[in-house]
Every structure is written in structure tokens, then in C-alpha cells.
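Heads up: the protein sequence lines correspond to chains V and L, in order. The opening position of the first sequence corresponds to residue 12 in my numbering, with each subsequent residue numbered one higher. The opening position of the second sequence corresponds to residue 12 in my numbering, with each subsequent residue numbered one higher.
2 protein chains.
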Amino acid sequence: MEESKREVNHRLLIKFKEGVTEEKIEECIKQFCKTVDLIPSIMDFQWGKGMGIVNLNQGFTHIFELTFESAEAVVAYISSPLHSEIASLLEPLMEKFVVIDFQPQKLY
Amino acid sequence: MEESKREVNHRLLIKFKEGVTEEKIEECIKQFCKTVDLIPSIMDFQWGKGMGIVNLNQGFTHIFELTFESAEAVVAYISSPLHSEIASLLEPLMEKFVVIDFQPQKLY
């Protein structure tokens, strides 16, 4: 199988700006869930709020985990109007964020 | 079900220091895989190397994804000698890292 045709995990970690309300964050997450639902190349989605079990989150409080069917599907998503919409909603609210895409491995 | 008894996803993102060789990183990942194999409360494990599809990784190049059976299991892991060993191996090699623990949600 071509490498690019393997599933790709897309992870987004967010630190929201101080003062962003829980209601606003809830609105963003709901919009994110709706967006993901509209994209057939997203095979799996989950999100979560950091529990702070270990104090090493560097301020990141939320994570969004998307699984795409291929690297091309990630590129198509990033370039889509749906992504622009959710990005425009999130951008003014984030203090910082990280995105990492990878093909999951079980062993080395 | 008590919240603390639900599965907990544990994510570790790493930016290795400049100059850390691919061989050294490979050694760390292999050790990580071995460690995870020894901990029965880890229900799932995968890792990956950032593909740089979008240039927003803030320098983070590797991710390790562990699923624990409960929050208590994460605490037990963090306090274990096995974790100390892998942490001692990794710490001098990392420029920065993030850990986030969360109970995965599919919807808001």
C-alpha cells in the first residue's frame, strides 16, 4: 500500500486565551463536531478536555483527534471552506495550538 | 460508571533537541514500546512521527498515544519505576514536551 494511502491521525491541541468562557469553548466544540460529521474522509473523531493528572500540559487544555483515510484527505480538509469556518471561529480564541499528523505505528 | 473508572487517553508530544540522532530516537521509541508492553493497565498504544502536512507542529516531531483503563492507572504508571526509567532516557534528549490526559468524547 502506498504510504500516502494509509490512514493519517491528525491531532490538534489548544490552549484557549484567558477569559474565553466555557460557553464559548462549548460552542466551538459543538461546531467542530458538526464540521467533522460533514467530511466523509474523516474515519474517526474524538475530543477531550485535559484532566491535569500530571502537571505537564504546558497550558494546553483541549485536544481534538481526527483520523483521515489518507494524507491527501488531510490536505483536502485543510483547504476546504469547512476548515476555514472552524479555523475562523477558533483563531481569535486560542493563545497557542499545535497540530501533528502521523501514520500510527504499534511497534518500531 | 464512576468518571475515574472510564478509560483515559494519555498523549505525549516531544520535540527532541537539535543534534539528537535518528538512532538515539529509535532507541527511545523501542524502549517505550517495551515499557508499554509490561504494563497491563495500558489498553492501547501507538506512536508516530510528524509528517509535517501542515506546518503548525511548533517543532513537535513525535507523539506517543497510550490508553489506560482508568485515571488511577495513569497515576500508577507515572509513579512506577518503569516510567522513571523511560523518563530518564528521554529527559536529556527533549527540548520540550507536552502531556495531556483526557476522557475521550465523541459528541459534546
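Just so you know, even glycine gets a beta-carbon here, dropped at the ideal spot from N, CA and C. The structure presented is a predicted model; accordingly, all values stated were derived computationally and were not measured.
Give the residues of chain V in contact with residue i, contact being defined as C-beta atoms less than 9 Å apart.
| i | result |
| --- | --- |
| L/L67 | L23, F108, V109, V110 and I111 |
Can you confirm whether residue i, when its beta carbon is compared against all beta carbons of chain L, has any partner nearer than 8 Å?
| i | result |
| --- | --- |
| V/K16 | no |
| V/P115 | yes |
| V/I89 | yes |
Interface residues of chain V around residue i at Cβ under 7 Å?
| i | result |
| --- | --- |
| L/L101 | Within 7 Å Cβ-Cβ: nothing; L/L101 doesn't reach chain V, min ~12 Å. |
| L/I74 | R22, I111 and F113 |
Under 7 Å Cβ to Cβ from residue i, same chain only, skipping five residues before and after it: list those, please.
| i | result |
| --- | --- |
| V/L100 | C39 and Q42 |
| V/K35 | L104 |
| V/E80 | E18, S52 and M54 |
| L/I97 | Q42, F43 and T46 |
With 8 Å set as the bound, which would you pick, yes or no: does the beta-carbon of residue i sit closer than that to a beta-carbon of chain V?
| i | result |
| --- | --- |
| L/V86 | yes |
Which bits of chain L does residue i rub up against, with CB to CB less than 8 Å?
| i | result |
| --- | --- |
| V/F71 | V109 and I111 |
| V/M62 | V19, A82, D112, F113 and Q114 |
| V/L118 | C44 |
In the DSSP output, which residue or residues are listed as bridge partners for residue i?
| i | result |
| --- | --- |
| L/R17 | Beta-bridge pairing links L/R17 to no other residue. |
| L/G59 | L/I74 |
| L/Q114 | Paired residues: none, contrary to the question. |
| V/L123 | Any property of residue 123 of chain V remains undetermined from this structure, which presents chain V solely from 12 to 119. |
Short of 6 Å in beta carbon distance, which residues of its chain neighbour residue i, apart from the five on each side in sequence? Order them along the chain.
| i | result |
| --- | --- |
| L/A84 | S52 |
| L/F56 | V47 and L77 |
| L/R22 | E76 and I111 |
| V/G59 | I74 |
| V/G61 | N68 and T72 |
Let me check you understand the geometry: is the CB of residue i closer than 7 Å to at least one non-hydrogen atom of the ligand GDP?
| i | result |
| --- | --- |
| V/V109 | The model depicted lacks the ligand GDP and carries no ligand whatsoever. |
What are the residues of the region 25 to 58 of chain L that lie near chain V, defined by any Cβ-Cβ distance shorter than 8 Å? E37, I40, K41, C44, F56, Q57 and W58
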